[in-house]
Amino acid sequence: MLKEIHEQPTALAQTLQGRVTNGDEVTFDDFAPGAFAGVTDVQFVACGTSYHAALYATQFLASRGVRAQAFRAGEYATSPAPVKSDTLVVGVTQSGETADTLSSLRSAHSRGARTLAVTNVVGSTAAREADDSLFIRAGPEIGVAATKTFSSQIASLALLGERIIRDRTGLASDGVSELLESLESLDRDVRRVIDESRAEEIATAYLDEQSYFFIGRDIAHPVALEGALKFKEITYEHAEGFAAGELKHGPLALVTPETPVFAVFTGSHDEQTLSNVQQVQARGAPVIAIASEEHDAAIETADEALTYPDATAEVAAILANVQLQLVAYHVADHLGRAIDKPRNLAKSVTVK
Numbered sequence: 024m025l026k027e028i029h030e031q032p033t034a035l036a037q038t039l040q041g042r043v044t045n046g047d048e049v050t051f052d053d054f055a056p057g058a059f060a061g062v063t064d065v066q067f068v069a070c071g072t073s074y075h076a077a078l079y080a081t082q083f084l085a086s087r088g089v090r091a092q093a094f095r096a097g098e099y100a101t102s103p104a105p106v107k108s109d110t111l112v113v114g115v116t117q118s119g120e121t122a123d124t125l126s127s128l129r130s131a132h133s134r135g136a137r138t139l140a141v142t143n144v145v146g147s148t149a150a151r152e153a154d155d156s157l158f159i160r161a162g163p164e165i166g167v168a169a170t171k172t173f174s175s176q177i178a179s180l181a182l183l184g185e186r187i188i189r190d191r192t193g194l195a196s197d198g199v200s201e202l203l204e205s206l207e208s209l210d211r212d213v214r215r216v217i218d219e220s221r222a223e224e225i226a227t228a229y230l231d232e233q234s235y236f237f238i239g240r241d242i243a244h245p246v247a248l249e250g251a252l253k254f255k256e257i258t259y260e261h262a263e264g265f266a267a268g269e270l271k272h273g274p275l276a277l278v279t280p281e282t283p284v285f286a287v288f289t290g291s292h293d294e295q296t297l298s299n300v301q302q303v304q305a306r307g308a309p310v311i312a313i314a315s316e317e318h319d320a321a322i323e324t325a326d327e328a329l330t331y332p333d334a335t336a337e338v339a340a341i342l343a344n345v346q347l348q349l350v351a352y353h354v355a356d357h358l359g360r361a362i363d364k365p366r367n368l369a370k371s372v373t374v375k
């Protein structure tokens with residue numbers, strides 16, 4: 024797993040190679056200009072880590088005026104959402120063999136929707152059966168806990184989102200130049216995060232706590248969910264991810280001085296997340312901010328901070344996620360867990 028975390032700069036460079044042209048255009052070899060012009064709404068179906076990538080893509084598109092929803096594939100397969108011929112159903116699956124995601128894509132196709140597989144594996148079942156495929160090009164991933172594939176999924180889905188918007192409207196979305204510029208420096212920024220991270224120090228300081236909470240708002244919410252999933256997968260400790268604004272609607276009852284809270288800041292609606300941080304600190308919980316190195320308010324308010332180079336909110340989510348991967352790894356390492364093959368889990372879930 025640690026090797027694959029360190030491979031993320033290379034994986035992301037491969038993901039993005041040749042796909043950003045003229046500074047503000049997204050180009051895919053397999054999709055001619057206008058390929059998504061007829062799409063009116065997008066449904067993402069996925070499981071586990073890929074579901075968190077799907078949530079990210081949903082936030083990305085919805086914030087730019089495209090109707091988008093993310094569904095857990097296990098539920099969609101049995102209770103599918105209504106589709107039309109201009110609905111694009113995107114199956115996000117690292118292996119391309121996830122049983123529930125395949126069932127969801129087949130259901131959508133049988134009801135007349137257009138299907139697209141976003142996967143890492145050329146020749147996989149999802150790639151063969153879907154109407155179209157978009158490959159994330161992350162390279163082989165052996166560790167059960169997905170790391171570099173999640174980062175490459177997010178980067179691929181951000182590019183796909185921009186392409187859908189341009190094909191639908193004929194115009195790029197607001198801020199596209201800044202987004203694509205931030206993506207093009209992503210491999211170098213991820214390398215900096217890995218090389219300079221204090222994650223091991225933080226992991227050592229917060230070993231053997233009662234629970235670990237992860238919070239985020241907007242595009243940071245899927246990152247919080249993924250941070251918690253990675254943590255519980257390989258440390259076997261109790262961890263939960265929440266939308267930051269939901270804390271006061273129940274989870275705040277669980278906050279104690281023995282529940283460290285990892286708060287993800289991406290530059291989107293950070294003022295509200297800071298308010299949530301102060302709420303948990305008032306209950307005695309220590310807070311670790313995951314924030315831009317230029318975010319003085321978050322760094323000064325939190326008890327500890329893990330930082331990343333300044334970036335747009337969409338790219339900041341990827342950088343913040345790398346810090347949370349490293350925290351989970353180092354906690355698991357200190358606890359002596361079977362990091363690469365955590366108990367009860369498989370790399371590819373091929374049964375329902």
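Numbered according to my numbering, the sequence shown spans residues 24 to 375.
Where a beta carbon is used, it is the ideal one built from N, C-alpha and C, also for glycine.
- One thing to note: Ala267 has its Cβ no nearer than 7 angstroms to the Cβ of Thr227.
- The beta carbon of Ala314 lies closer than 7 angstroms to those of Phe288, Ala321, Ile322, Ala328 and Thr330 in the same chain, with the five residues before and after it left out.
- Bounds of the alpha helix (DSSP H) holding Leu39 are Gln31 to Leu39.
- With contacts defined as CB atoms closer than 7 angstroms, Ala181 and Glu30 fail to qualify as a contacting pair.
- The C-alpha of Ser234 lies about 36 angstroms from the C-alpha of Val65.
- In this structure, the CA atom of Ala361 is about 31 angstroms from the CA atom of Leu275.
- Between Ala55 and Leu270, the alpha-carbon positions lie close to 44 angstroms from each other.
- Beta-bridge annotation (DSSP): Gly239 is paired with Ala266.
- With contacts defined by Cβ atoms closer than 7 angstroms, Glu281 and Glu204 do not form a contacting pair.
- When DSSP states are grouped into helix, strand and coil, Ala312 belongs to the strand group.
- Here Thr142 is bridged, per DSSP, to Thr116 and Phe158.
- For Thr330, the uninterrupted beta strand (DSSP E) segment begins and ends at Glu327 to Tyr331.
- The count of Cβ pairs closer than 8 angstroms, one atom from the region 240-260 and one from the region 195-204, stays below three, leaving the stretches out of contact.
- When the beta-carbon positions are compared, Ile217 and Ala286 stay at least 7 angstroms from each other.
- The beta carbon of Gly135 sits closer than 6 angstroms to the beta carbons of Ser108 from its chain, once the five residues preceding and following it are set aside; these are given in chain order.
- Per DSSP, the continuous alpha helix (DSSP H) segment holding Val213 begins and ends at Leu209 to Glu219.
- Counting along the chain, Val284 sits inside the beta strand (DSSP E) bounded by residues Val284 to Val287.
- Of the candidates Glu98, Val213, Val246 and Gly88, the residue whose Cα lies closest to the Cα of Ala34 is Val213.
- Of the other Cβ atoms in all chains shown, fewer than 16 fall within 10 Å of the Cβ of Pro105; this residue is therefore exposed.
- With the rule of 3 Cβ pairs closer than 8 angstroms, the region 91-101 counts as touching the region 61-79.
- Here Arg211 has Pro32 as same chain residues with Cβ atoms under 8 angstroms from its own Cβ, once five neighbours each way along the sequence are excluded.
- Between Glu249 and the set Ala312, Val300, Gly307 and Ala169, the nearest pair of CA atoms involves Ala169.
- The beta carbons of Thr335 and Val300 sit no closer together than 7 angstroms.
- Under the criterion of beta carbons closer than 8 angstroms, Val350 and Ala153 do not qualify as touching, at roughly 35 angstroms.
- With respect to the C-alpha of Glu48, the residue from Arg306, Asp197 and Ser86 having the closest C-alpha is Asp197.
- Here Phe59 carries a coil assignment [DSSP, helix/strand/coil].
- Shortest Cα-Cα distance from Ser156 to any of Val62, His75 and Asp53 involves Asp53.
- For a cut-off of 8 angstroms, the C-beta gap from Leu125 to Val112 is around 12 angstroms, too long to register as a contact.
- As the crow flies, the alpha-carbon of His318 is around 44 angstroms from that of Gly146.
- Put simply, of Ala85, Ser208, Ala340 and Ile165 the residue whose alpha carbon is nearest the alpha carbon of Ala247 is Ala340.
- Between Ser208 and Ile242, the C-beta spacing is not below 7 angstroms.
- In this structure, DSSP gives Leu349 a helical state, which the three-state scheme calls helix.
- The three-state secondary structure of Asp64, taken from DSSP, is strand.
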